[in-house]
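Okay, so here's the structure we're looking at.
Numbering (the working numbering), first residue to last: 153 to 441.
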């Protein structure tokens with residue numbers, strides 16, 4: 153590989169060149185242009201421009217008896233869709249996932265409308281061109297001395313839609329997310345449908361990881377009540393507005409919520425964090441179900 157390598161680790165994998173679905177051990181190399189899977193007697197080169205989808209975690213059904221945690225990459229070759237399945241140790245796969253998405257999607261010039269909605273109401277925000285950056289757990293959008301950061305831990309919902317911009321219909325990712333107790337909708341438009349699919353996949357994977365982490369946080373009934381009260385107050389409120397009984401008990405509950413990073417001190421008193429907003433949303437969904 154002549155271009156610079158950004159990831160290089162040993163792992164087990166399956167490629168189209170193998171005569172069996174059983175994995176073989178080799179090297180996994182990633183550059184800014186291609187993914188190369190190398191064994192002692194063969195190599196498979198996958199141009200990143202040919203990648204159409206990827207999935208992290210559970211392998212495809214046909215490979216489950218051979219693989220554990222994997223990165224599955226679907227790509228086009230000679231008009232047909234092929235699959236490469238890669239398995240490595242936890243840290244290697246995690247690093248590979250982040251770097252892979254940064255290279256294949258990050259750095260794109262996108263058209264952003266932020267916020268397209270605030271609290272469910274349409275705003276007059278204009279479309280502007282920005283650069284897309286990916287970090288662990290967040291999206292960064294930068295342009296004209298402006299930075300929009302979407303904390304994926306605060307994502308409430310997301311989906312794909314079509315938008316008419318400049319006389320052309322373009323694929324768009326719509327992301328509903330929480331910021332300082334308020335629900336915002338950000339629209340990210342890419343000219344390339346394939347890359348929009350991959351961006352959507354990244355958001356889904358990161359969102360799933362964060363949801364799994366949130367499920368491990370234990371929140372008692374009194375803590376949930378305090379979060380809902382803060383939500384009902386608009387996401388921010390003075391401590392005195394939350395007191396329904398003994399103030400010391402309320403302070404103790406708030407301290408627990410702070411330690412779990414569900415609330416924080418803000419300019420208007422206590423504020424829900426993105427994690428706190430997600431927990432409230434899940435509570436509301438369970439009540440309405």
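Beta carbons are placed, not taken as given, at the ideal position from N, Cα and C, and that holds for glycine.
Between the region 418-426 and the region 382-390, are three or more C-beta pairs nearer than 8 Å?
Short answer: they touch.
Give a yes or no on whether 8 Å exceeds the smallest Cβ distance from residue 377 to chain B.
Absent from the structure: chain B. Only one protein chain is present.
In the structure shown, what three-state DSSP assignment does residue 393 receive?
Helix at residue 393.
Relative to the C-alpha of residue 353, which residue among 415, 203, 330 is closest?
Checked all of 415, 203, 330; the closest Cα to residue 353 is 203.
So residue 312 packs on residue 293, CB below 8 Å; how close in whole Å?
Their Cβ separation, rounded to whole angstroms, is 18 Å, which puts residue 312 and residue 293 out of contact at 8 Å.
Just how far apart, CA to CA, sit residue 301 and residue 277?
Taking the straight line from one Cα to the other gives about 16 Å.
Which residue from 287, 367, 315, 316 puts its Cα closest to that of residue 303?
Residue 287 is the option with its Cα nearest to residue 303.
Once you ignore the five residues that flank residue 168 on each side, which residues in its own chain have a CB closer than 8 Å to its CB?
Same-chain partners within the cutoff: 196, 229, 234, 235, 236.
So residue 224 and residue 206 are in contact, right, with Cβ under 8 Å, and what is the actual spacing, rounded?
The Cβ separation is near 7 Å, so the contact holds.
In chain order, what residues of the same chain lie with their CB nearer than 8 Å to the CB of residue 257, ignoring the 5 residues before and after it?
So the list reads 284, 286, 347, 350, 351, 354, once near-sequence residues are dropped.
So the candidates are 415, 210, 248, 218; which of them puts its Cα closest to the Cα of residue 158?
Nearest C-alpha to residue 158: 248.
Compare the beta carbon distance of residue 176 and residue 191 with 8 Å and say whether it is the shorter of the two.
In contact: residue 176 and residue 191 (Cβ atoms closer than 8 Å).
Give me the Cβ distance between residue 295 and residue 280, rounded to the nearest whole Å; I'm assuming they're in contact under 8 Å.
Rounded, the Cβ-Cβ distance is 6 Å, consistent with contact.
Short check: CB of residue 218 to CB of residue 171, under 8 Å?
No.
To the nearest angstrom, report how far apart residue 365 and residue 412 are at their CA atoms.
Their Cα atoms are separated by approximately 12 Å.
Residues in its own chain within less than 7 Å of residue 362 by CB, not counting five upstream and five downstream?
Same-chain partners within the cutoff: 289, 304, 305.
What three-state label does DSSP hand residue 433 in the structure shown?
Residue 433: helix per DSSP, three-state reduction.
Residue range of the alpha helix (DSSP H) that residue 409 falls in?
Where residue 409 is concerned, the enclosing alpha helix (DSSP H) stretches over 399-411.
In angstroms with no decimal places, state the Cα-to-Cα distance between residue 245 and residue 164.
Cα to Cα, residue 245 sits roughly 11 Å from residue 164.
Could you work out which residue in 345, 344, 359, 270 is closest to residue 291 when comparing CA atoms only?
Residue 359 is the option with its Cα nearest to residue 291.
Please go through the same chain and pick out, in chain order, the residues whose beta-carbon is closer than 6 Å to the beta-carbon of residue 160, but skip the five residues on each side of it.
For residue 160, where only same-chain residues beyond five positions count, the Cβ hits under 6 Å are 181.
To the nearest angstrom, report how far apart residue 261 and residue 222 are at their CA atoms.
Cα to Cα, the separation comes out at about 30 Å.
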